[in-house]
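Quick look at the structure:
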């Protein structure tokens, strides 16, 4: 276990990845791309074989009796993470052990209960804020963590060198390190991840019996709100169970607001009903406006313009080529088009100072810029 | 009032638009582009002046005492729509009168109560499924309705010719006509529009006091679920009030599911708790999968591939130019990148049969296709 580069710690390897699902395999692929020796282990031989086949690392069986990894990454479902961390601390007494489960406090408590201080000093809980709606090693990709936040939750007992190794894992995979206590982390993801998941599922659940003619009117609003309702129930049951106490406190607040809203809708002409509804919608405005933009920019930092495009091959490309010619950077792009017709709108986001220039330019090239 | 074209009714004009907000002004702009004479009226002289200035039509004051519109479009907030429809039916005894409020049953009931059969035969309720998070005439655009569904809710009393004129309005503006009864419409929008709005606002409301370090971890999940929480509270209070009875019935179901979930989270180790959670998430999966794709295609009709791009001017354009060169149509595109880093992912949707071909092609051109 050596520290490479004075400017910052990097991994030397070997790295043992336990669990070769989407995240473990992606970690293996990313580290292999940096030339680091990766050894893979999964309870399912076929899952492990797939991860090996796509180049995420070599089999644990070939590692030999003297195998001494610099770092062990436990990339297993939350339910079994604590046990696997404890096993790894015992089996590899020189290794730093990290896990990447989406909940941190419960795992730390379990590890703490059954470890001495020496073992605990080698453990660091982490959580890469990356994922996909798909799962399994086939969905893995080396760049999964590129530019995404990776939360490092050092415990009081974690040795500074262990924390540096854990952070090196994140940095070497292109992620952005965010430091938080396990409590801060779990409280944060309860709001920004677990709550949206639950409300998206509650909404999507209502669509089970919705007539097709109603669903045919669905616009981007419904699509956006329900997109994450497609996530894997088995994984989410473990996440919700492990963070149940924090999530339920937030859901009490949601229930209170929901009851308030139901009260106004049951008697919409009643005194104060409209004021209550307006209050609730305004509170939503305020909360929504607090979400930071991409690139860590302030909310609403980008100006948007909408351009009409024919939905034929090459149209969007031609538009973006011409935008590229101006040297103005495209910050975001959304396409909008709807059933049966072949004309759509491209919503282009740029820095506010560039909006006027781009509008003039595109109009001069014959594009219809419609706000 | 004449029927143009044997293949289908088109508007001849003049058309009077009452209410020159986002939708009324967009209707004016779209009809003017077809060369139809449009007359504008708004309770606010300055709002009306803006609509005139951007070319949505001429002022009602100039229309003269013999002004006899073919069609009157009431494009006012839901609260005053009924009254304005009744006024228009009385003032213009030869005109068809349509409204475009987002709720239909309440407006029809109000019109019915105060009209004779002759007047009622000239009224048709409609609802264009288009809008923006912005409001006012400045946000208007002639193409707002292009390719979007426009629901036509003929009443039993509506004359067939009145319905044809109402449908001509939608068709002439490039929309896709969907026929429903007012009850079917209100039931449909309660689920696909009002319910997502309310749940998005309830969620966003919880973010009012969320610490900044938690919000900095926000990903596309949270952004997508809360996007529509930015909508105008004044308008939504009117919409929710007018469809209160239907919406509240759906919210009873949501509350039941929420209580069930809260129960499992209060006692996550209790008997059946995990099964209940899994059930709720699975129901979300089922509902989400029923939402049709864009272009009216079946859900999940498109194959997605993710391509790594540097976030510098011209990169996305170059990618899309090369996709365009293949002749493969781009069905959707989403960009993903996150705080502090300048590398992102472009998620490209194409017809499933084209996925393999496109992946091979892009790889051969040096792009990193990462699943």
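Protein chains in written order, with the numbering used here: chain E, 163 to 533; chain D, 163 to 533. Ideal placement from N, C-alpha and C gives every residue a C-beta, glycine not left out. Treat the numbers as computed from the prediction; the structure is a model and nothing was measured.
Going by other Cβ atoms of all chains shown within 10 Å of its Cβ, with 16 needed for buried, is residue i buried or exposed?
i, result
"residue 373 of chain D", "exposed"
"residue 448 of chain E", "exposed"
"residue 275 of chain E", "exposed"
"residue 341 of chain E", "exposed"
"residue 285 of chain D", "buried"
"residue 182 of chain E", "buried"
"residue 472 of chain D", "exposed"
"residue 526 of chain E", "exposed"
"residue 296 of chain E", "exposed"
"residue 432 of chain D", "exposed"
"residue 271 of chain D", "exposed"
"residue 490 of chain D", "buried"
"residue 224 of chain E", "exposed"
"residue 205 of chain D", "exposed"
"residue 437 of chain E", "exposed"
"residue 411 of chain D", "exposed"
"residue 280 of chain D", "exposed"
"residue 278 of chain D", "exposed"
"residue 405 of chain D", "buried"
Can you tell me which of the three DSSP states residue i falls into?
i, result
"residue 508 of chain D", "strand"
"residue 258 of chain E", "strand"
"residue 248 of chain E", "helix"
"residue 364 of chain E", "helix"
"residue 171 of chain D", "coil"
"residue 213 of chain D", "helix"
"residue 530 of chain E", "strand"
"residue 431 of chain E", "coil"
"residue 290 of chain E", "strand"
"residue 265 of chain E", "coil"
"residue 180 of chain E", "strand"
"residue 524 of chain D", "helix"
"residue 296 of chain D", "coil"
"residue 208 of chain E", "helix"
"residue 555 of chain E", "Residue coverage of chain E in this structure runs from 163 to 533, which leaves residue 555 of chain E outside it and unanswerable."
"residue 465 of chain E", "strand"
"residue 157 of chain E", "The requested residue 157 of chain E is not part of the displayed model; chain E covers only 163 to 533."
"residue 203 of chain D", "strand"
"residue 422 of chain E", "helix"
"residue 438 of chain E", "helix"
"residue 472 of chain D", "strand"
"residue 233 of chain E", "strand"
"residue 279 of chain E", "helix"
"residue 241 of chain D", "helix"
"residue 496 of chain D", "strand"
To the nearest angstrom, how far is it from the Cα of residue i to the Cα of residue j?
i, j, result
"residue 483 of chain E", "residue 493 of chain D", "18 Å"
"residue 445 of chain D", "residue 402 of chain E", "16 Å"
"residue 434 of chain D", "residue 353 of chain E", "25 Å"
"residue 529 of chain D", "residue 488 of chain D", "14 Å"
"residue 358 of chain E", "residue 264 of chain E", "15 Å"
"residue 308 of chain D", "residue 414 of chain D", "36 Å"
"residue 305 of chain D", "residue 380 of chain E", "19 Å"
"residue 301 of chain E", "residue 198 of chain E", "21 Å"
"residue 507 of chain D", "residue 382 of chain D", "12 Å"
"residue 346 of chain D", "residue 313 of chain D", "10 Å"
"residue 511 of chain E", "residue 481 of chain E", "13 Å"
"residue 185 of chain E", "residue 261 of chain E", "11 Å"
"residue 370 of chain E", "residue 409 of chain D", "16 Å"
"residue 549 of chain E", "residue 236 of chain E", "Residue 549 of chain E cannot be examined here, being either before or after the span of chain E that is shown, 163 to 533."
"residue 476 of chain D", "residue 521 of chain D", "20 Å"
"residue 201 of chain E", "residue 175 of chain E", "10 Å"
"residue 441 of chain E", "residue 366 of chain D", "13 Å"
Just the chain B side, please: which residues come within less than 8 Å of residue i by C-beta, in chain order?
i, result
"residue 377 of chain D", "The structure shown contains no chain B; its protein chains are E and D."
Looking at C-beta atoms only, is the number of pairs between the stretch 288-297 of chain D and the stretch 411-422 of chain D that lie closer than 8 Å three or more?
no
Are at least three pairs of beta-carbons, each pair with one atom in the stretch 174-193 of chain E and one in the stretch 207-223 of chain E, less than 8 Å apart?
yes
If you pair each beta-carbon of the stretch 224-231 of chain E with each one of the stretch 248-267 of chain E, do three or more pairs fall below 8 Å?
yes
Report yes or no: do three or more beta-carbon pairs, one from the stretch 233-253 of chain E and one from the stretch 392-406 of chain E, lie closer than 8 Å?
yes
List, from N- to C-terminal side, the alpha helix (DSSP H) runs of 4 residues or more that fit wholly inside the stretch 311-357 of chain D.
322-334, 344-351
With a cut-off of 8 Å, do at least 3 Cβ pairs link the stretch 201-215 of chain E to the stretch 305-321 of chain E?
no
With a threshold of 8 Å, are at least 3 pairs of Cβ atoms found where one atom belongs to the stretch 379-390 of chain E and the other to the stretch 383-393 of chain D?
yes
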